[in-house]
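Take 418 as the starting number for the sequence shown in the numbering used here and just add one per residue. By construction, the Cβ of each residue, glycine as well, lies at the ideal position given by its N, Cα and C atoms. Nothing here was measured: the structure is a model prediction, and the numbers come from that model.
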Amino acid sequence: IYGCGRCNLAKPEWGRLTQCGKTLYAHILEKPAGPVALAGLAGKVAKARLLGDGSEVNISKPWNAGENAKDLFLSLQPAALPDGLDTVVALELV
């Protein structure tokens with residue numbers, strides 16, 4: 418991903434985050450057991466898509482999260498990540 422650099426968010430347990438302008442790239446390096454948590458990004462992401470093929474990734478907030486919940490979740494098929502080494506999801510920030 419050309420022109421990217423580090424972002425100001427903490428390193429997640431499942432991989433890395435990089436940023437270029439208003440696009441945040443989630444590099445998923447480990448197969449998740451469930452939805453991929455993005456700490457502090459609730460209400461800050463307009464849409465998410467797989468970088469490899471452009472397909473949309475579902476963004477959700479848990480049904481039991483209150484109005485003040487700060488985390489966002491990406492629903493991926495854990496058994497079939499598109500890239501076994503580095504699945505990249507492009508997150509368009511609001």
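According to DSSP, residue i sits in a beta bridge with which residue or residues?
| i | result |
| --- | --- |
| Y512 | Limits of the chain in this structure are 418 at one end and 511 at the other, which puts residue 512 out of reach. |
| L455 | L489 |
| S477 | F490 |
| G422 | Q436 |
Would you give the residue range spanned by the beta strand (DSSP E) that residue i belongs to?
| i | result |
| --- | --- |
| L489 | L489 to S492 |
| A465 | V462 to L467 |
Considering only the alpha carbon of each residue, which of the options lies closest to residue i?
| i | options | result |
| --- | --- | --- |
| G420 | V474, K464 and Y442 | Y442 |
| N475 | A454, K487 and A486 | A454 |
| L489 | E509, K461 and L467 | K461 |
| D470 | S492, D500 and L510 | D500 |
| E473 | L493, A459 and A486 | L493 |
| K464 | A456, K439 and A486 | K439 |
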